[in-house]
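Residue numbers (full-length UniProt numbering): 1 to 583.
Below is the structure:
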């Protein structure tokens, strides 16, 4: 068996070279135009790029890949793997916040070479010059003659093994600054095998997707997994999907796809935004696996999709609920293929005490399935002791998919990746809270996001979901909830986007009052302060997750963008005044 991912890909090329392909659907006007490339063509292009990279001294450092979308990224990523070069997938910066994030990655990884396309190369050059990096960083467009004409037959497999670093997967930064997760060839092979087992894939499978390639789910789950098991992939850009969500379903129908994947918000868009006339004529009966992961999975979203798409052939058993993270390469747990999502109704008050107590009509949790290729323990994050059955604790993971650590962060690597339990380990401390019931993992929240108000443990995502249900102008928009210590009491603050076109005859002050009363009554807490903002006013990671800590810092510094209305408790306002700094 190969011990490195390149050798496995080459073996797949030998078997399926001309019979399996990747088909990218590029947006041209309102249409999608297909661009197909076979395994053999991908292999040839990857070998050619690897030959060129072998002549570049800058490639002794991690190489950043800045691609908007498409097959060009996949060629470049495989080229780096073939050359034994550490790849750094990253989003093309488009505004001040994204530029700052990529600049942080540049510095952290000590990047000296950027690969991109001709359409992006010129603005990237300008940005690099303005950032003062021009003396140390070069930019090369891989879709032009700039690389010359390297002969793929000159390529030789470098010395790779399971421990060889393949790429740096920078975390989304939802709770902290981005960190480079060191994913090895062994991690890739181990997690791909686990995913293949979890979803029952084989070489007859055709997948469909649209996820961003610079995130673990898009890179590994969408782009690399078909190469691992010998399948086909039809895909498009995230923007093509967001503009017209029905395109996702149309690709599934056109290719009779067996498998697809996405985060919860994408399925929510499908349920809410696709009108009946666009569903007419679609046939989704081919879908065997529709993986839902990467963010909290909402029971109502699953139910809404099953109800909405059932008439066009989508089966409840197609949903594969899953849990994972970049630090575990990608997937850690998954539900059973062919079985409807598993729900557990629990006593909300007991859950606040970190106890799992079933209760009909209580708070509903979604099962994320059982572990695949790893060992998972539930541990008290404060004592480091394993929790008894039925107690919520931090999720700890061990196994071959757990990454090597954080790039150039030995202290954080030791803290996060080297935990031991009764002398066994090492375990990855995920920072997520969860509990097992009947062999299935239920994820309840993030340890760092947990709100402690009047001695009670509240999960911000529960409050955020309740707020979205209070008015159509809030539904489908992003919001964050966090707590602030006023010196005498903890006070909650809600910052939420408003779709002003749907506010009707309700005023913004009245909407803020509705939020205050709704949260106070539903969760039995002091009425929160409320800040209403315009669309996109809530900070998100590049994968779409809300950034609560970033929004908290912005509020305290009076730097929240696009504010429409505020209803702030005086004690909270005093915190803001004393903490504020000049913009």
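Note that the Cβ used here is the ideal one computed from N, Cα and C, for glycine as well.
Item                                                                                                                         : Value
Expected contact under 8 Å - CB spacing of residue 373 and residue 191 to nearest Å                                          : 7 Å
Under 7 Å between C-beta atoms of residue 335 and residue 321                                                                : yes
Pair within 7 Å by beta-carbon distance, residue 497 and residue 477                                                         : yes
Sufficient close CB pairs (3 or more, under 8 Å) joining the stretch 409-428 to the stretch 457-465                          : no
Three-state secondary structure (DSSP) of residue 486                                                                        : coil
Minimum C-alpha distance to residue 208 - residue among 291, 179, 243                                                        : 291
The stretch 353-367 in contact with the stretch 146-160 per 3-pair CB rule at 8 Å                                            : no
Nonlocal neighbours in the same chain, by C-beta distance under 6 Å from residue 8, ignoring five residues either side       : 2
Other residues of its chain near residue 523: CB distance less than 7 Å, five sequence neighbours each side excluded         : 458, 463
Simplified DSSP state of residue 181, which is helix, strand or coil                                                         : strand
Closest residue to residue 396 among 182, 507, 417 (Cα-Cα distance)                                                          : 417
Contact under 7 Å by Cβ, residue 437 with residue 446                                                                        : no
Completely contained beta strand (DSSP E) runs for the stretch 136-212, where each covers 3 or more residues                 : 138-141, 165-170, 180-184, 206-209
Opposing strand residues paired with residue 456 [DSSP bridges]                                                              : 453
Rounded Cβ spacing between residue 245 and residue 270 (contact assumed at less than 8 Å)                                    : 5 Å
Supposed close pair residue 435, residue 442 - CB separation, criterion 8 Å                                                  : 5 Å
Cβ-Cβ distance between residue 139 and residue 121 below 7 Å                                                                 : yes
Outcome for residue 55 when other beta-carbon atoms lying within 10 angstroms are tallied against a minimum of 16            : exposed
Neighbour-count burial assignment, residue 518, 16 or more Cβ in a 10 Å radius                                               : buried
Which residues DSSP lists as bridging residue 290, in chain order                                                            : 260, 319
Residue 30 in three-state terms, based on DSSP                                                                               : coil
Straight-line Cα distance separating residue 460 from residue 450                                                            : 7 Å
Of the residues 557, 283, 549, the one placed nearest residue 448, counting alpha carbons only                               : 549
Exposed unless 16 or more other CB atoms sit within 10 angstroms - verdict on residue 174                                    : Reliability of the predicted coordinates at residue 174 is poor, the pLDDT of 48 falling under 50, and no value is obtained from them.
Under the three-state DSSP convention, the category residue 59 falls into                                                    : helix
Check whether residue 59 and residue 113 have beta carbons under 7 Å apart                                                   : yes
Those residues which DSSP pairs with residue 397 across a bridge                                                             : 376, 428
Spatial distance of residue 141 from residue 115 (CA atoms)                                                                  : 6 Å
Inter-residue Cα distance where the pair is residue 582 and residue 557                                                      : Summary for residue 582: the model assigns pLDDT 36, below 50, so the residue's position carries little reliability; its value from the coordinates is reported in the next sentence. Using only the alpha carbons, I get a separation of about 8 Å.
Neighbourhood of residue 540 by C-beta distance below 8 Å, restricted to the same chain and skipping five residues each side : 478, 546, 547
Stretch-stretch touch, CB-based, cutoff 8 Å, three pairs: the stretch 45-54 with the stretch 62-77                           : yes
Check whether residue 217 and residue 211 have beta carbons under 7 Å apart                                                  : yes
Residue interval of the alpha helix (DSSP H) (run including residue 309)                                                     : 299-309
Endpoints, beta strand (DSSP E) assigned at residue 236                                                                      : 232-236
Cα-Cα separation between residue 195 and residue 380, rounded to whole angstroms                                             : 28 Å
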